[in-house]
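**Student:**
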Amino acid sequence: MLRIRTLVGAATVLALVVLPVRVEAQGVTTGAVTGTVTDEAGRGIEGVQIEVRNPRTGLNAGTVTRSSGLYTVPGLPPDAGYEITARRIGFAPITRSGIQITLSQARREDFRLAQSATVLSN
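The number in this note's numbering is simply the position in the sequence shown, starting from 1, with 449 added.
1. Quick one: residues in its chain with C-beta nearer than 8 Å to the C-beta of G496, no 5 flanking neighbours on either side, listed in chain order?
2. Could you have a look at T534 and say whether DSSP puts it in helix, strand or coil?
3. What does DSSP give as the partner residue(s) for V486 in the beta ladder?
4. For A566, which option in G507, F540, E500 and T485 has the closest C-alpha, if you only look at C-alpha atoms?
5. DSSP state of R545, grouped into three classes?
6. Determine the DSSP secondary structure at A481, reduced to helix, strand or coil.
7. Excluding the 5 residues flanking T626 on each side, which residues of the same chain have their C-beta closer than 8 Å to its C-beta?
8. So which of R556, G530, Q549 and L525 has the shortest CA-CA distance to V477?
9. Does DSSP classify A566 as helix, strand or coil?
10. Could you check what DSSP says for V554 in three-state terms: helix, strand or coil?
11. Judging by CA-CA distance, which residue of S553, I543, T534 and P542 is the nearest neighbour of N509?
12. From L519, R492, G491 and N503, pick the residue whose C-alpha is nearest to that of S546; which is it?
Right under this line is the structure:
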């Protein structure tokens with residue numbers, strides 16, 4: 450009888466430890482894109498608008514770079530047709546197409562922006 454109780458207790462502890470991990474792993478249904486935006490000298494650029502767009506599904510997401518030039522856009526459904534645009538006043542924008550986002554992975558896309566004259570109009 451003591452042996453059965455020990456086995457049941459061990460099985461219960463094992464179920465409590467293993468099952469929550471499996472449930473959490475099954476909940477990941479998106480990917481992300483991350484990277485750094487730098488200038489021609491390799492310095493991070495703060496305030497760059499990052500736009501992630503999927504023309505096929507209509508999804509738009511975005512963020513702004515930190516002082517180090519780092520950005521992250523999480524929560525993107527897996528797909529191979531994303532476009533990523535990096536733009537900031539004073540720099541020529543860059544757009545990349547055909548970016549693949551995979552399940553539970555963070556795709557790295559770094560940008561190097563070149564300075565450009567910008568004309569602002571009313």
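All C-beta atoms in this analysis are idealised placements derived from N, C-alpha and C, irrespective of residue type, glycine included.
Keep in mind that this is a model prediction, so the values were computed, not measured.
**Tutor:** Let me lay it out:
1. V513, T514 and R537
2. Strand.
3. F560
4. F540
5. strand
6. strand
7. There is no way to answer for residue 626, as the model of the chain reaches only from 450 to 571.
8. L525
9. coil
10. The sequence shown places Gln at residue 554, not Val. Note: Q554 maps to coil in three-state DSSP.
11. T534
12. N503
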